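See structure below.
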Amino acid sequence: MQARRSARELVLLSISQLPTSPERLETQQIHDIVTAAVRTLVSESYESLETAMAELQRGSDRLQASQFRASDLPAAQSMIQEAIELTQSAINRVGTSIELPELLQLSKQEEIHAYAVEILMAVNGNREDIDQRISQAMVDWQINRLPRLDRDILRIAVAEVFYLEIQEQVALNEAVELAKRYGDEESYRFINGVLRRVVDRRKKQALFSEEVPVQEQVQEQLQEQSSEVFPVQE
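The numbering of the sequence shown is the working numbering, which starts it at 1461 and goes up by one.
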């Protein structure tokens, strides 16, 4: 697991602790927020394992029920299918629980902690501009109406591109990976689309900024040539 990817996950766990309205925060306050997120990881790991055990037990109960309580074949098949789904869910939770200690261990590394703090400070200090860029890239959506997960991932990616000088494609890919890990298919597709429009708008603005000085230079040259051909009479 790459250091910065781990930092982004820490930020995703921490960002909800930022003030609702952007305000100046001391670096130490940001550090405390990240530390609180690390503690959350520990709790989530235990809770995930407990839920997995409960789902496995429910799956086992449904299998037994299918043998003795099902009145016909369709009813038995339905119970078995439910047992399979519960078991699969439990397996997924165990997988997540195994990964959490790795992230927890990595979070103690200074590099990861420091980059998580950088992202949080960039988001908190520039939230108005970040939200405006996201809003301009959305169609028929308002940022305050987005699911919190989607909104937070978008803020992280835009902060990285505009304030931490991360390559656009890198930030976009990492945001999609976060959405795949913590959201669903609809979430990551939506985030991918919005961020592509954010990047496209940025490129167009950069191109326009380059064109304006060129146009001004051409106008100045034309004026100079005109003055040479038609000198001003005194």
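Ideal placement from N, C-alpha and C gives every residue a C-beta, glycine not left out.
All of these numbers come straight from a predicted model, not from anything done at the bench.
- Counting the other Cβ atoms within 10 Å of the Cβ of Ser1466 gives 16 or more, which makes it buried.
- Under the Cβ criterion (8 Å, minimum of three pairs), the segment 1594-1614 counts as touching the segment 1633-1652.
- For Gly1585, the three-state secondary structure derived from DSSP is helix.
- Here Ile1603 carries a helix assignment [DSSP, helix/strand/coil].
- Using a C-beta cut-off of 8 Å, the segment 1604-1611 makes no contact with the segment 1621-1631, since fewer than three inter-stretch Cβ pairs fall below that distance.
- No Cβ-Cβ contact shorter than 8 Å links Val1471 with Leu1624.
- In the three-state reduction of the DSSP assignment, Leu1667 falls in the helix class, which pools H, G and I.
- Within the same chain, and ignoring the five residues on either side of Glu1486 in sequence, no residue has its Cβ closer than 6 Å to its Cβ.
- Going by beta carbons, Ser1474 and Ala1576 fall inside the 8 Å limit.
- Per DSSP, reduced to three states, the secondary structure at Glu1469 is helical.
- Under the three-state reduction of DSSP output, Gly1653 falls in the helix class.
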